[in-house]
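With the numbering used here applied, the sequence shown corresponds to residues 24 to 560, in that order. Glycine included, every Cβ here is placed at the ideal spot set by N, Cα and C. Just so we're clear, the structure is a prediction, and the values are computed from it rather than from any experiment.
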Amino acid sequence: WIDDCPNQLYSAFTFKGGSVWRERLKVDLKGTSGLKELLDGHDDASLHALMTNLGGHDMETVLDAFRAVDDDRPHCFVAYTVKGYGLPLAGHKDNHAGLMNPDQMAAFKRTMRIRDGREWEPAEGLDLDEAALRSFLAETPFAGRARSEDRAPMISVPEIAPPAGSSLATQAAFGKILNDLGRETSALADRIVTASPDVTVSTNLGGWVNQRRLFHRDPRVDLFREEKVASPQRWDMSPRGQHIELGIAENNLFLLLAELGLAEPLFGARLLPIGTLYDPFISRGLDALNYACYQGARFMVVATPSGMALAPEGGAHQSVLTPLIGMGQDGLTYFDPAYVDELAAILAWGFEHLQREDGGSVYLRLSTRAIRQPGRVLDEATRDGIIGGGYWLREPQPGAEVAIAYAGVVAPEALEAFESLAEDLPGAGLLAVTSPDRLHAEWTRARRRRASGASGEASRIERLLRPLAPDAALVTVIDGHPATLSWMGAVRGHRTHGLGVEHFGQSADVPDLFRIQGIDAAAILDAVAGALVERRR
């Protein structure tokens, strides 16, 4: 009868309780042998207990099912339960948001034999020897997890050299850096574990995988190579492999990164997980990403390609809102580097940040667009600015009337616009924003300190914008949502024109897409002109 009873009807009977079971069974099972004896042998309360005693509430039955498994293959156990079991709200379809009143809670405590003032005692209300219970709990795997004093030491991170080349994309540079690390024999390389949801090669992890191979519990040869199918990839698998290949399931990627990123606090084994995926598909795994950060997991997300700069691929592969996700997600620090020397500095910082007690996870938004590199050797001040979130690529003169601030792959457009202004506005500035997230977070912390009456130095973005005239115009531009940078106008009250992307789906080459979206050099110059006109009114 229970198997045939619709779940909603069963739930309604569970909530009503009392004589409803008896009345319904008399009708539905009329003439069934033994029914009268069954019903006569129970009062309403015991009949209700019998009818709601589903397998999921019977721990002996559950444990017997577990013990019946005699192999190591994955098994699925389907256990029926009643939502709110044992509560006065049990079975009611609205009980998800239901709260017991004080009288109901007091009755529930009496039922569970919980005395006032002893609600947090582990053995209260249980017919168990408390010493034996505590001894058992002390031996569980969770209790045996790594203690803070047993944590693995930090892995030393050497300086990471940027790949050589006059024109490079940050995605390609990331692949070259990982490939070089894979060739080395170092503690850093040995602790990196990469994963990707079927986009290993198209996110430039191929070289790393060739060096460090794929992970599998059992050794497996590359069947393409065995069959002499030409490929630059070597996909041999073994328990020593350091790349985990997933199917197209970004949620699974973030679940895996969470697990790998908790290896150190749970097991005392320090790993440095890196997950690669297409930037727009971060949205597919947001729930898992959020909970991974909530648990304090440490990992690096390398999202590429991103924005409009992937050009002809177009469609839903163009990402717009991901910078805002990066800024809004607690426990995750977002970077949007333009140049490969910036990327190298950020990667070195990121590997250390993953390990620090007060650190967290890192999100790198990279691009397949190759741009001309600055050909420089980073000094400490510039390196510090890159890590801190921003620096002047072209420093403004005191009292400058205008500045352009850009993030990421639109650097060439911002630089072109800046150089076009040089003759008419020689004192203008060009601000490279490598992490809108870090700049904004430090600014809000500084404001809170001041609001509480505490003293302290100004935030980085406040110091960066200090040379500008109080009524200077600020034009911001990013291959992403304009709100990522437009907040900068609130730092010192500068009139701000935020350029960015608010729509996606068209396919074209990069110049045409940037023109359509209003993030090319001409659009930046138009914004500067408009801002200056407003300033002089």
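- Message: Give the list of continuous alpha helix (DSSP H) stretches no shorter than 4 residues that lie fully inside the segment 275–333.
- Response: 286–290 and 309–317
- Where does W466 fall in DSSP's three states? helix
- Query: Out of Y33, R96, V400 and D245, which has the shortest C-alpha to C-alpha gap to A187?
  - Reply: V400
- Alpha carbon of H504 to alpha carbon of R293, nearest angstrom: 36 Å
- Item | 6 Å CB neighbourhood of R136 in its chain, flanking five on each side removed | G148
- As assigned by DSSP and simplified to three states, the class of S478: coil
- Message: Looking at the secondary structure, which residues open and close the beta strand (DSSP E) in which F165 lies?
- Response: Unbroken run through F165: none, as it is neither H nor E.
- Within the segment 221–281, ranges of the beta strand (DSSP E) (whole runs, at least 3 residues): 266–269
- Item | Reduced DSSP category for E439 - H, G, I as helix; E, B as strand; rest coil | helix
- By a C-beta neighbour count over all protein chains shown, 10 Å radius and 16 as the cutoff for buried, is W258 buried or exposed? buried
- Rounded separation between L279 and C316 - CA only: 12 Å
- So, helix, strand or coil for G351, using DSSP? helix
- Have a look at the DSSP bridge pairing and note the partners of S190. R395
- Let me know if T134 comes out buried or exposed under the rule of 16 or more other beta-carbons within 10 Å of its beta-carbon. exposed
- Message: Once DSSP output is grouped into helix, strand and coil, what is the label at A196?
- Response: helix
- Skipping 5 residues on each side, what residues in its chain have a beta carbon closer than 8 Å to that of T163? none
- Message: DSSP has S219 in a bridge; who is on the other side?
- Response: E268
- Task: Taking only the alpha-carbon atoms, compute the straight-line gap between A120 and L309 and give it to the nearest angstrom.
- Result: 24 Å
- Task: Give a yes or no on whether the C-beta atoms belonging to Q378 and S190 are separated by under 8 Å.
- Result: no
- Residue range of the unbroken beta strand (DSSP E) whose run includes A492: L491 to I501
- Item | Residue range of the alpha helix (DSSP H) that includes I427 | I427 -> not in any alpha helix (DSSP H); beta strand (DSSP E) instead, spanning A423 to A430.
- Stretch-stretch touch, CB-based, cutoff 8 Å, three pairs: the segment 27–39 with the segment 104–119: yes
- Q352, buried or exposed, once every other Cβ within 10 Å from all chains shown has been counted against 16: buried
- Residue interval of the beta strand (DSSP E) (run including S384): S384 to R388
- Message: I need the boundaries of the alpha helix (DSSP H) containing V456, first residue and last residue.
- Response: Per DSSP, V456 belongs to no alpha helix (DSSP H); it is in the beta strand (DSSP E), G452 to V456.
- Using the C-alpha atoms, what's the distance from V224 back to T519? 40 Å
- Task: Could you have a look at W143 and say whether DSSP puts it in helix, strand or coil?
- Result: coil
- Message: If the criterion is Cβ atoms closer than 8 Å, does the pair A339 and A423 meet it?
- Response: no
- Message: Looking at the secondary structure, which residues open and close the beta strand (DSSP E) in which L416 lies?
- Response: G413 to R417
- Would D543 be called buried (16 or more neighbouring beta carbons within 10 Å of its own) or exposed? buried
- Item | Beta-carbon separation (whole angstroms), P346 vs N275, contact threshold 8 Å | P346 to N275, Cβ: 24 Å. No contact.
- Message: Pop quiz: L204 and I215 are said to be a contact at Cβ under 8 Å. What is the actual Cβ separation, rounded to whole angstroms?
- Response: 7 Å
- Query: Is T519 helix, strand or coil when you go by DSSP?
  - Reply: strand
- Query: Helix or strand or just coil, what does DSSP make of Y103?
  - Reply: coil
- Task: Could you check what DSSP says for Y362 in three-state terms: helix, strand or coil?
- Result: coil
- Assigned exposure category for R473 - 16 Cβ within 10 Å defines buried: exposed
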